[in-house]
Amino acid sequence: MTNTRTLVKPRLSVKAQIIATISAIVAAVAVPQLLHVMGAVSGLGTALGETFLPMHLPILLVGLLAGPYAGAIAGLLGPLASFGLSGMPVVTMLPFMMIELCAYGLFAGLLRNVNMPTVAKVLGVQIAGRLVRAAAILVSIYAFGNASVNVAAIWVSSVTGIFGIALQLVLIPLITYRVENLKK
2 MTNTRTLVKP
12 RLSVKAQIIA
22 TISAIVAAVA
32 VPQLLHVMGA
42 VSGLGTALGE
52 TFLPMHLPIL
62 LVGLLAGPYA
72 GAIAGLLGPL
82 ASFGLSGMPV
92 VTMLPFMMIE
102 LCAYGLFAGL
112 LRNVNMPTVA
122 KVLGVQIAGR
132 LVRAAAILVS
142 IYAFGNASVN
152 VAAIWVSSVT
162 GIFGIALQLV
172 LIPLITYRVE
182 NLKK
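Counting along the sequence shown from 1, when you hit position 90 you're at 91 in my numbering, and nothing is skipped either side.
The structure is reproduced here in structure tokens:
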């Protein structure tokens, strides 16, 4: 039998959830832009963003710290705000990023009060989010005939982002531990 009982974490006020959601959206726009600037200066272009997955970090964090509503809303609106301000992610990938990050935020939020190691939560959320993204791409291609994206995008994004995935597995547990212990 697995140990997945819920913890009693204090429920955040609506105001705190709204502030957390807005902060995550701002971070989901700002952090990728920082990496894109670094990529432009170093000659790597957008490779840093594709490798480090900078939008994922604030969305996973807000879900784990503020709950499923904050996570899902930030995940849905973060890529949209980024696209509106910078044109990135590219329009062909925008709906898939919105769906994937919304899933990350939602699933992270749903696991917020589950008693399991944060690294296991992050891994589970990463797998679930990638599966949701893969399903969205497959539905787009096979049900709607979308020719602007192909099935290989599912695998390529996972392989390209493996370093970012590993970084999330290390950083998110450390950050959540630190933030949760600041409250005490």
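Note that CB positions come from ideal geometry on N, CA and C, so glycine has one too.
Which two residues bound the contiguous alpha helix (DSSP H) that contains residue i?
| i | result |
| --- | --- |
| Val180 | 163-183 |
| Ala82 | 69-87 |
When you compare the CB of residue i with every CB in chain D, is at least one pair closer than 8 angstroms?
| i | result |
| --- | --- |
| Leu81 | No chain D appears in this structure, which consists of one protein chain only. |
With DSSP collapsed to three states, give me the class of residue i.
| i | result |
| --- | --- |
| Val126 | helix |
| Pro11 | coil |
| Met2 | With a pLDDT of 47 at Met2, under the threshold of 50, the modelled position of that residue is not reliable, and the figure given next carries that caveat. Three-state result, Met2: coil. |
| Val63 | helix |
| Val115 | strand |
| Val157 | helix |
| Thr52 | helix |
| Ala21 | helix |
On a CA-only basis, which of the options is nearest residue i? Give me that one, please.
| i | options | result |
| --- | --- | --- |
| Ser14 | Pro33, Gly68, Ser43, Gly50 | Gly68 |
| Gly88 | His37, Leu49, Leu124 | His37 |
| Ser149 | Leu168, Met39, Ile163, Leu95 | Leu95 |
| Trp156 | Ile142, Asn147, Arg131 | Arg131 |
| Ala48 | Glu181, Leu170, Gly162, Gln169 | Gly162 |
| Gln18 | Val32, Ala154, Ile74, Pro80 | Ile74 |
| Gln127 | Leu54, Ile20, Ala41 | Leu54 |
| Ile142 | Gly40, Met39, Thr93 | Thr93 |
Expressed to the nearest angstrom, what Euclidean distance is found between the alpha-carbon atoms of residue i and residue j?
| i | j | result |
| --- | --- | --- |
| Gly44 | Leu35 | 14 angstroms |
| Gly50 | Leu78 | 18 angstroms |
| Leu183 | Ala144 | 48 angstroms |
| Ile166 | Gly146 | 30 angstroms |
| Val133 | Met98 | 10 angstroms |
| Leu112 | Ala71 | 13 angstroms |
| Pro90 | Met56 | 10 angstroms |
| Ala129 | Ile100 | 12 angstroms |
| Gly125 | Val180 | 21 angstroms |
| Ala31 | Ser83 | 8 angstroms |
| Pro11 | Thr22 | 17 angstroms |
| Asn114 | Gly76 | 19 angstroms |
| Asn116 | Thr52 | 30 angstroms |
Validate contact between the segment 47-61 and the segment 96-110 using beta carbons, cut 8 angstroms, 3 pairs: yes
Any 3 or more C-beta pairs closer than 8 angstroms across the segment 111-120 and the segment 166-184: yes
At least 3 beta-carbon pairs within less than 8 angstroms: the segment 14-30 vs the segment 131-141: no
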